[in-house]
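Our numbering runs 58 ahead of the 1-based position in the sequence shown. Each residue gets a CB set at the ideal place from its N, CA and C atoms; glycine is no exception. A short write-up of the structure that comes next.
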Amino acid sequence: MDRIAVFDIGTSAVKGLLMRKNGAVDAERSIPVTTREPGDGRIEQNPEEWWAGVKTITDDWFYRLRISPETIQMVTLTGQMEDVIFIGEDGTADRAILYSDMRAAEEAAWIREELPELAGITSNAAAASTPAAKLRQLALQGEAAATVVFSAKDYIIYKLTGAVCTDTVTAATTGLMDIRRKAWHPNVLEALGADRFALPRLHEPDDTAGVVTDGMPAGLASGTPVLCGAGDAGSATMGAGAVQERDSYFYIGTTGWTAVPVQEPDAASDGVFTLPHLVPDRYIAIAPLLNAGSVYDWAKQIYMPDDSYDAFHETIAAARPGAGGVLFLPYLHGERFPVQDSGLSGTYYSIRPDTTRDDMMRAVVEGLTFSLRYIAESLTGGVPGSITLIGGGTRSSAWCRILADITGQKVRVPEESGYLTALGTAATAFCSLGWSSGYEAFADDHLYPRAAEVYEPNPDVRALYDEAYAVFLKTSPAVRRDLSKRNPGEWV
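This is how it looks when you write it as structure tokens:
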């Protein structure tokens, strides 16, 4: 039987998926992983725990489910990006400095000041999360010479094949890759004072990184091809079916992001990342959000602390559209887009004597959704096309319906959202094996037909929400500052 194995090495879990040529999923398994937070902004994981998770999953496949390793035609992977993982001479790694680690803020500022040309070359401005900044800091601290990889899945590829590599999607987040040439920027490590470190070989996501070596404890058959795969943002974009321009999708978890495919990488700008798409000659514009599910949770705890989330969802759904004219600006945690400002705060406007508790609750969700609409329109240059929603926010049908009403677009919520990233990277194997003629064909055959809830916009509330959105644009300090940069003199 023709199968592929897909591994998703995420921040909270290692996931494994066995998928047939016809798109059916034979087996899925998730193994939780732990995160260390020693303090001072440091956030780390142990890469050997990822490897142990992969071996636990393959043991389950081959011994409990009695699936033959010989039926697996190819392995592909995805995983968290912007990590810094040093591979020691003994072939192990004792720590991974994660994307969320903020220890290198000073070094990021140094890069922006001393190497401003890097932002244009990489199409991404240096931040504390950027591996380039972390490598400079580690070099200044005397870190020993070593080979470095930048995604959790890169380490698993190394353990399976011995190959030291990363993909162009992941590499675009490092601050080291020329995004148009898809090559490491010459002498970039020397400019950072970090030339003691060796960079991995660059591959496209559907390139073969190597083959499973003899005696590999993961149990996969020796000689099985292993693809380089793609970083999680690229795989999630593919898994959401966002392959055409204006096909936006929203990921809503504690935080979130909005992403759309674009034809050309844009100049580096505040809060927007540009990455290569899995589809050749296409890119992804991604705007990360600090305020998403965490603000929804805040409203639940403030207004209905003793009730279930189901009751909270139902109350929001039953509240009047437009929240009785109440507007909420959702910046409880500052924000990263459209402007980066940790000093922004949440604010209510237009509270009146007839305002109810339910109005206040619904205003929170509508304010979050106005913010999502603005971001999507900013990335697409107008009204977004189809919208796919993934992440924990999909558990609130009330929020999904409000998103459809405020954007005026159909909102598609796939049932398998927990494995969409793995399904997205499965496309690399399908294309490499010739099971799909291309990434668009994979989406047509194996993503769009999968079960999904579709929320249609209600035309009866469109005018009401367009008026409320116009008020949001004039009231939000983040939006006003963004628009004033784009159109000087028109906004004050």
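Taking C-beta atoms as the reference points, ASP324 and THR373 fail to come closer than 8 Å. By the criterion of at least three beta-carbon pairs nearer than 8 Å, the region 403-421 is in contact with the region 362-382. The beta-carbon distance between ALA357 and VAL422, rounded to whole angstroms, is 4 Å. This is short enough to meet the 8 Å contact definition.
In the displayed model, TYR157 falls within coil according to three-state DSSP, outside both helix and strand.
Boundaries of the alpha helix (DSSP H) around MET419: 415-438.
Under the three-state reduction of DSSP, ALA345 is assigned to strand.
Under a 10 Å Cβ-count criterion, ASN349 is classified as buried, with 16 or more other Cβ atoms of the shown protein chains found around its own Cβ. For GLU322, same chain residues with a beta-carbon under 8 Å away, outside a window of 5 residues either side, are TYR341 in chain order. For LEU478, same chain residues with a beta-carbon under 7 Å away, outside a window of 5 residues either side, are ALA294, GLY297, ALA298, ILE448 and PRO472 in chain order. In the displayed model, PHE65 falls within a strand according to three-state DSSP. In this structure the region 312-321 does not touch the region 272-284; the number of beta carbon pairs closer than 8 Å is below three. If you draw a straight line from the Cα of ILE360 to the Cα of TRP457, it is about 18 Å long. A Cβ-Cβ distance of about 5 Å is found for the pair TYR157 and SER187, placing them in contact under the 8 Å criterion. In the DSSP annotation of this structure, the continuous segment of the alpha helix (DSSP H) that includes ILE464 starts and ends at 455-465.
Across the set PHE488, ASP518, VAL519 and GLN131, the C-alpha of PHE488 shows the shortest separation from the C-alpha of PRO263. Excluding the 5 residues flanking it on each side, SER494 has same chain C-beta neighbours closer than 6 Å at PHE488 and PHE500, in chain order. Taking each of ILE130, LEU385, GLN103 and PRO338 in turn and checking the Cα distance to ARG420, the smallest one comes out for LEU385. When DSSP reads this structure, CYS223 sits in a beta bridge with ARG259. Within its own chain, the residues whose Cβ lies closer than 7 Å to the Cβ of ARG431, once the five positions on either side in sequence are excluded, are ILE464, THR465 and TYR527, listed in chain order. Inclusion of ALA210 and ILE67 in the CB contact set at 8 Å is warranted, their separation being smaller than that value.
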